[in-house]
Amino acid sequence: MVSTRRKRRSSDEDDDETQLLDPQEAEAALQAAESTRLAKAKRKKVEAFQRNHPPFEIIASEVVNLILSFLADPMQVYSLSKCSKFIRDAITPEVVIRSSVFAGGKSRAVIGDVMTLVQMGVIHVPSTFRLLRIVQAKRCERGELCHHYNLVTRKAESISKTKIRPLGIALCQDCTFGLTTKCFHSRDDTLCANGKAFYNLPNQDIVEAATGEQVGPWLLAHKAKQVLCSYTSDEDKKDAFVKMEEEFLQSVQNDYRESIIAIHTKAEEEYEGFQTAKKELERQKREQKTESRAAKKKASVQAVLEKLHEALEGYENPSKQLMLEGTFDDNGIFTLLMGPSVAILGDLLAAPSSASAKKIAAACDRAKLVYTQLSANNFLSPREQLIPRCPSRNLRAVVGLRRYIQKNMSEDYLRNSWPWDRHFYEPFVDCLVEKGNMSQAVFFGIDYAYKRKEAFVDYVVKDETPLAFQGKCRKLANAIFKADACRDYDEYCQHFDTSFRDYKLLKNNFTDYLQNPATSEFLAGDNLNRAFTREKAVDTAVYRENMINLLRTRRFDDLLNHHRRCFRLGYAYA
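Going left to right, the sequence shown walks through residues 1 to 574 as UniProt numbering numbers them.
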């Protein structure tokens with residue numbers, strides 16, 4: 001049996017060995033042992049990493065290109081390029097340009113501006129990673145030479161919010177001005193920030209510090225000025241610039257330049273096609289969703305309509321067929337044609353899920369009562385039969401309302417829309433159905449104050465009134481009748497009669513005022529101010545409140561003084 005125990009040295013042997021070693025040699029031996037240990041540990045760590053992470057070199061280049069083609073964000077390309085030299089070498093201009101274009105937004109705008117300058121041949125053709133850095137630039141690339149370099153944070157000016165790359169370089173605004181000659185609109189920050197300022201040529205060659213690559217415009221300001229100063233004719237100047245451009249294009253790699261231009265053009269076409277197909281797909285999805293929602297809505301509304309037909313089955317009335325007459329639109333919404341039906345049954349059809357049997361029965365009972373009274377009072381008949389006989393004390397007001405209805409409202413409007421505004425529906429039905437007062441129902445049917453005023457104006461201004469005098473009469477009637485104060489039917493009728501008597505008085509007084517010799521002499525004078533004539537000055541008596549009061553009390557002399565002053569000033573003062 002073999003023993004694994006080592007022979008233990010005695011203390012005397014250890015002391016002898018320690019005495020034989022030099023301190024410097026001992027320290028060197030310890031350092032050598034430590035370095036050996038670290039080397040072995042590092043080698044083991046590398047071996048473990050290689051076992052778990054195979055090198056990128058074993059991946060086929062076609063696979064890498066396929067992976068890179070799926071990247072639609074230049075920031076992902078930039079991050080992936082820092083993984084290894086193999087990946088960095090696999091990144092081509094096509095990967096950078098396509099990822100920038102398909103990213104959209106700022107990246108697409110930046111790469112588009114740079115490629116436009118390349119296609120025009122005014123800047124040096126950027127390399128692959130130069131394009132990637134221009135697209136991803138967040139700060140001015142001049143670094144410590146930037147005009148806005150922060151000495152505390154050690155950062156250059158931020159350009160992350162702008163899409164502008166003036167001269168094809170990632171520069172801030174002040175650095176652009178500092179590297180170029182005089183800039184038009186240089187004091188207008190808005191124009192410069194939006195890329196609308198005109199940047200002149202740079203004063204010197206611009207070289208990227210990290211790579212030594214020459215960037216920016218190839219034509220410098222001093223060379224352009226030399227050409228302008230050396231030649232007098234425009235043709236000679238043009239030939240000189242063309243020759244300089246040809247020399248520049250011969251010095252660059254035309255194959256590379258043309259290839260990246262073709263790649264960008266193709267990428268833009270594919271992007272536009274992709275966006276068009278995407279919008280078309282979204283439109284189809286919206287249409288399908290709308291059709292599905294409309295079909296579901298139509299089915300629920302149809303179920304409510306069937307219940308309404310069942311509830312109205314025993315109702316016998318000539319207008320029964322009009323109660324549920326309507327049409328479906330593309331969204332599955334059922335629109336009733338009759339105004340009374342909209343007011344009574346519209347809520348049930350608008351929200352069919354809440355249409356309970358109790359609500360349907362109550363609405364049908366209400367509709368039967370309303371349509372019975374409408375038929376009995378000729379509301380569904382031609383409009384000539386609309387206004388029945390009324391008390392003599394309200395004769396003027398009701399006749400005025402009737403004339404307004406006959407003049408301004410069609411039969412379709414009367415039957416479908418007229419009294420069925422939500423605000424006036426309840427008082428209309430209360431007066432017509434419950435109280436049996438049709439005159440008040442007509443009053444509430446004309447739902448707006450300006451319409452009630454128009455009814456008064458149409459009543460007092462007769463058709464036989466001379467056409468030249470009708471405008472003055474209508475102004476006078478509008479100024480007298482205060483429709484906003486007439487919310488109640490009785491108050492409206494009383495105000496109608498009072499305003500009618502006041503109108504007759506003022507009209508007669510105005511006629512006498514026009515026949516007054518002093519007024520006739522004033523009107524016969526010359527019109528120095530064509531914009532505000534003497535007749536316009538006199539017309540202020542029919543719509544100015546202070547002058548109407550003078551006309552009412554027949555104070556013609558004071559009224560004429562006011563009109564003379566209006567004519568002298570050229571406007572109708574208060």
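Glycine included, C-beta positions come from ideal geometry on N, C-alpha and C.
With a 10 Å radius around its C-beta and 16 neighbouring C-beta atoms as the bar for buried, classify residue 276 as buried or exposed. Residue numbering aside, residue 276 sits at position 276 when the sequence shown is read from its first letter. Residue 276 should be labelled exposed.
Are the stretch 296-304 and the stretch 352-363 in contact at 8 Å, needing three or more beta carbon pairs? yes
Taking the straight line between their C-alpha atoms, what separation do you get for residue 197 and residue 66? Here residue 197 is taken as the residue at index 197 of the sequence shown, counted from 1. Here residue 66 is taken as the residue at index 66 of the sequence shown, counted from 1. With a pLDDT of only 39 at residue 197, under the threshold of 50, the placement of this residue in the model should not be trusted; the figure read from the coordinates follows. Roughly 42 Å between the two C-alpha positions.
Please state whether the Cβ-Cβ distance between residue 337 and residue 325 is less than 7 Å. Position 337 of the sequence shown, counted from the first residue, corresponds to residue 337. Position 325 of the sequence shown, counted from the first residue, corresponds to residue 325. Their beta carbons are under 7 Å apart, which means residue 337 touches residue 325 by this criterion.
To the nearest angstrom, how far is the alpha carbon of residue 516 from that of residue 477? Translated into the one-based positions of the sequence shown, residue 516 becomes position 516. Translated into the one-based positions of the sequence shown, residue 477 becomes position 477. So the two alpha carbons sit approximately 22 Å from each other.
Take residue 193 and list the residues in its own chain whose beta-carbon comes closer than 6 Å to its own, dropping the five residues that flank it on each side. Locating residue 193 in the sequence shown gives position 193, where the first residue counts as 1. For residue 193, the predicted model reports a pLDDT of 45, less than 50, meaning its position is unreliable and no value from the coordinates is stated.
If you measure between the beta carbons of residue 518 and residue 551, is that distance less than 7 Å? As a working note, residue 518 is residue 518 in the sequence shown. As a working note, residue 551 is residue 551 in the sequence shown. Contact: no.
Endpoints, alpha helix (DSSP H) assigned at residue 116: Against the sequence shown, residue 116 aligns to sequence position 116. Residue 116 -> alpha helix (DSSP H) spans 105-120.
Which of helix, strand or coil does DSSP assign to residue 204? Numbered from its first residue, the sequence shown carries residue 204 at position 204. The answer is coil: DSSP assigns residue 204 none of H, G, I, E or B.
Taking the Cβ atom as the reference point for each residue, do residue 170 and residue 209 lie within a distance shorter than 7 Å? Numbered from 1 along the sequence shown, position 170 holds the residue referred to as residue 170. Numbered from 1 along the sequence shown, position 209 holds the residue referred to as residue 209. No, Cβ-Cβ distance for residue 170 and residue 209 is not below 7 Å.
Presumed contact (8 Å Cβ cut-off) between residue 123 and residue 168, rounded CB distance: Counting from 1 along the sequence shown, the entry for residue 123 is found at position 123. Counting from 1 along the sequence shown, the entry for residue 168 is found at position 168. Yes, they are in contact, since the Cβ atoms of residue 123 and residue 168 sit about 4 Å apart, within 8 Å.
Kindly list the residues whose CB is nearer than 6 Å to the CB of residue 117, restricted to its own chain and excluding five residues on each side of it in sequence; keep chain order. Working through the sequence shown from its first residue, we reach residue 117 at position 117. Only 123 and 168 meet the Cβ criterion.
Kindly indicate which residue of 60, 225 and 94 has the alpha-carbon position closest to the one of residue 74. Indexing the sequence shown from 1 puts residue 74 at position 74. Ranking the options by Cα distance to residue 74, first place goes to 94.
Tell me which residue opens and which closes the beta strand (DSSP E) that residue 326 is part of. In the sequence shown, residue 326 corresponds to position 326, counting from 1. Unbroken beta strand (DSSP E) run through residue 326: 326-328.
Locate the beta strand (DSSP E) running through residue 336, then write down its first and last residues. In the sequence shown, counting from the first residue as 1, residue 336 sits at position 336. Here the beta strand (DSSP E) through residue 336 covers 334-336.
Please list the terminal residues of the continuous alpha helix (DSSP H) segment that includes residue 229. Numbered from 1 along the sequence shown, position 229 holds the residue referred to as residue 229. Where residue 229 is concerned, the enclosing alpha helix (DSSP H) stretches over 221-230.
With the cut-off set at 7 Å, would you say residue 348 and residue 304 are in Cβ contact? Here residue 348 refers to the residue found at position 348 when the sequence shown is read from its first residue. Here residue 304 refers to the residue found at position 304 when the sequence shown is read from its first residue. It is a contact, given that the beta carbons lie within the stated cut-off.
For residue 111 and residue 77, I'd like the C-alpha separation in whole angstroms. For the purposes of this step, residue 111 is identified with residue 111 of the sequence shown, where counting begins at 1. For the purposes of this step, residue 77 is identified with residue 77 of the sequence shown, where counting begins at 1. Between residue 111 and residue 77, the C-alpha separation is close to 15 Å.
Alpha helix (DSSP H) runs contained entirely in the stretch 490-538, provided each spans 4 or more residues: 517-523
For my contact list, residue 319 and residue 371 are in at a C-beta cut-off of 8 Å; report their separation, rounded to the angstrom. Counting from 1 along the sequence shown, the entry for residue 319 is found at position 319. Counting from 1 along the sequence shown, the entry for residue 371 is found at position 371. Confirmed, about 5 Å.
Among the candidates 62, 254, 499 and 452, whose CA atom is the shortest distance from the CA of residue 404? Numbered from its first residue, the sequence shown carries residue 404 at position 404. Of the candidates 62, 254, 499 and 452, the one whose C-alpha sits nearest the C-alpha of residue 404 is 452.
Tell whether a beta-carbon distance below 7 Å holds between residue 513 and residue 460. Counting from one through the sequence shown, the residue named residue 513 turns up at place 513. Counting from one through the sequence shown, the residue named residue 460 turns up at place 460. No; because the gap between Cβ atoms is not below 7 Å, this pair is not in contact.
With DSSP as the reference, identify every bridge partner of residue 180, one or two as the case may be. Along the sequence shown, one-based indexing puts residue 180 at 180. Note: residue 180 sits in a beta bridge opposite 202.
What number of angstroms, rounded off, separates the C-alpha of residue 87 from the C-alpha of residue 96? Taking the first residue of the sequence shown as 1, we reach residue 87 at position 87. Taking the first residue of the sequence shown as 1, we reach residue 96 at position 96. If I take the Cα positions, the gap works out to 13 Å.
Can you tell me which residues form a DSSP beta bridge with residue 576? The requested residue 576 is not part of the displayed model; the chain covers only 1 to 574.
What span of residues does the alpha helix (DSSP H) with residue 246 cover, start to end? As a first step, residue 246 is located in the sequence shown; it is residue number 246 there, counting from the start. Segment 234-251, the alpha helix (DSSP H) holding residue 246.
Tell me the DSSP bridge mates of residue 478? For the purposes of this step, residue 478 is identified with residue 478 of the sequence shown, where counting begins at 1. According to DSSP, residue 478 bridges with nothing at all.
Could you check if residue 401 is buried or exposed, using at least 16 other CB atoms within 10 Å of its CB as the buried criterion? Residue numbering aside, residue 401 sits at position 401 when the sequence shown is read from its first letter. So residue 401 ends up on the buried side.
Going by the CB atoms, is the gap between residue 496 and residue 396 shorter than 7 Å? Here the question's residue 396 lines up with position 396 in the sequence shown. Here the question's residue 496 lines up with position 496 in the sequence shown. Yes, the pair counts as a contact, with Cβ atoms nearer than the cut-off.
Give me the Cα-Cα distance between residue 470 and residue 457, rounded to the nearest whole angstrom. Locating residue 470 in the sequence shown gives position 470, where the first residue counts as 1. Locating residue 457 in the sequence shown gives position 457, where the first residue counts as 1. Whole-angstrom Cα-Cα distance: 11 Å.
For residue 159, report the span of its alpha helix (DSSP H) as first-last. Position 159 of the sequence shown, counted from the start, is the residue given in the question as residue 159. Per DSSP, residue 159 belongs to no alpha helix (DSSP H) and is neither H nor E.
Assigned secondary structure, residue 629 (DSSP; H/G/I helix, E/B strand, else coil): In this structure the chain extends from 1 to 574, so residue 629 is not present and cannot be described.
DSSP puts residue 130 in a beta bridge; with which residues? Numbered from 1 along the sequence shown, position 130 holds the residue referred to as residue 130. The partner list for residue 130 (beta bridge, DSSP) is empty, contrary to what the question assumes.
Name the one or two DSSP bridge partners that residue 150 has. Here residue 150 corresponds to residue number 150 of the sequence shown, with the count starting at 1. Partner(s): 155.
Quick check: the Cα distance between residue 222 and residue 278, rounded to an integer number of angstroms? Numbered from its first residue, the sequence shown carries residue 222 at position 222. Numbered from its first residue, the sequence shown carries residue 278 at position 278. Straight-line Cα distance between these residues: approximately 50 Å.
Secondary structure at residue 139, three-state DSSP: helix, strand or coil? For the purposes of this step, residue 139 is taken as residue 139 along the sequence shown, with counting starting at 1. In the structure shown, residue 139 sits in a strand (DSSP, three-state: E or B).
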